[in-house]
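Chains as they are written, first to last, in the numbering used here: chain C, 35 to 138; chain G, 35 to 138. Structure record follows, encoded as structure tokens.
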DNA sequence: TGACTGTATGTCATATTCGACATATAGTGT
DNA sequence: ACACTATATGTCGAATATGACATACAGTCA
């Protein structure tokens with residue numbers, strides 16, 4: 035089972051915090067998945083807060099509704115770059131990004 | 035002139051802090067470039083601090099010396115994903131990443 | 001029930017990013 | 001001068017992420 039496949043499973047059913055002991059993910063892989071999920075949560079929270087639909091956000095970042103849905107679900111085919119660009123498009127500053135990554 | 039080309043120029047000669055008024059970068063593009071440069075700086079600082087060569091870091095992340103050099107120079111062909119993975123490989127926690135992105 | 005709105009998921013051709021390699025540049029020591 | 005080490009830069013075929021599309025699912029309203 036390849037790492038990308040495992041990552042896909044992880045981001046699906048289970049909370050990652052509880053999933054560390056599952057499957058043979060290296061600590062680095064876990065950290066990256068957790069990072070992606072933090073950004074995913076932050077993105078959804080920001081979008082909802084602004085009362086935008088996924089379609090509206092997609093338009094703002096020149097993407098598509100389906101990709102936004104994948105962003106917010108932590109889908110491993112979504113790059114951190116795209117998550118960052120989307121957050122920035124929603125007005126997030128570097129400090130906002132820092133808070134999303136490592137909440138106080 | 036395409037945005038990626040402009041980004042390449044920006045990351046070369048000039049400090050971005052001074053380059054906002056150059057070229058027609060949108061605020062979002064500037065923010066993304068600044069983010070990439072913060073990560074680039076953070077990566078180099080961490081690597082040097084650990085007294086590793088670019089070749090050694092490359093081995094740790096299964097990449098190549100040339101790509102590490104590009105990472106550290108903020109080359110626009112380097113993804114934020116790769117920067118994040120490299121920082122994590124050097125032991126950076128989410129909190130460390132947050133500090134790199136938005137220093138106190 | 002059906003129509004409508006918003007979100008989720010799978011697939012695919014294209015675009016972007018990848019590691020690898022060659023080669024250039026800079027510094028250090030002999 | 002040469003040899004050696006570390007870093008920078010350009011290129012390329014292969015790998016990965018992309019937007020777009022179809023379609024499924026869930027909730028709401030009439």
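Just so you know, even glycine gets a beta-carbon here, dropped at the ideal spot from N, CA and C.
Cβ-Cβ separation, residue j to residue i (assumed contact under 8 Å), whole Å
i, j, result
"residue 65 of chain C", "residue 95 of chain C", "26 Å between Cβ atoms; not a contact."
"residue 113 of chain C", "residue 115 of chain G", "5 Å"
"residue 82 of chain C", "residue 92 of chain C", "15 Å between Cβ atoms; not a contact."
Under 8 Å between C-beta atoms of residue i and residue j
i, j, result
"residue 69 of chain G", "residue 128 of chain C", "yes"
"residue 86 of chain C", "residue 105 of chain C", "no"
"residue 71 of chain G", "residue 108 of chain G", "yes"
Same chain, Cβ closer than 7 Å to residue i, neighbours up to 5 away in sequence not counted
i, result
"residue 55 of chain C", "Legend: pLDDT at residue 55 of chain C = 46, less than 50; position of this residue unreliable, value from coordinates given subsequently. Closer than 7 Å at the Cβ level, and outside the excluded window around residue 55 of chain C, lies no residue."
"residue 36 of chain G", "Its pLDDT being 46, under 50, residue 36 of chain G is placed unreliably by the model, and nothing is read from it."
"residue 89 of chain C", "99"
"residue 138 of chain G", "none"
"residue 111 of chain C", "104"
Own chain residues within Cβ distance below 8 Å of residue i, not counting five before or after
i, result
"residue 119 of chain C", "95"
"residue 121 of chain C", "73, 76, 77, 80, 130, 131 and 134"
Exercise. Are there three or more Cβ pairs, one per stretch, closer than 8 Å when the segment 125 to 135 of chain C is compared with the segment 73 to 80 of chain C?
Worked result: yes
Exercise. Taking Cβ-Cβ distances below 7 Å as the criterion, which residues of the segment 96 to 126 of chain G are in contact with chain C?
Worked result: 113, 114, 115, 118, 119, 122 and 123
Problem set entry | chain G contacts made by the segment 60 to 87 of chain C, where a contact means CB separation under 8 Å | 62, 65, 66, 68, 69 and 72
For this session: Below 8 Å between beta carbons is the criterion; list the residues of the segment 126 to 137 of chain G that meet it against any residue of chain C, in chain order.
Result: 127, 128, 129, 131, 132, 133, 135 and 136
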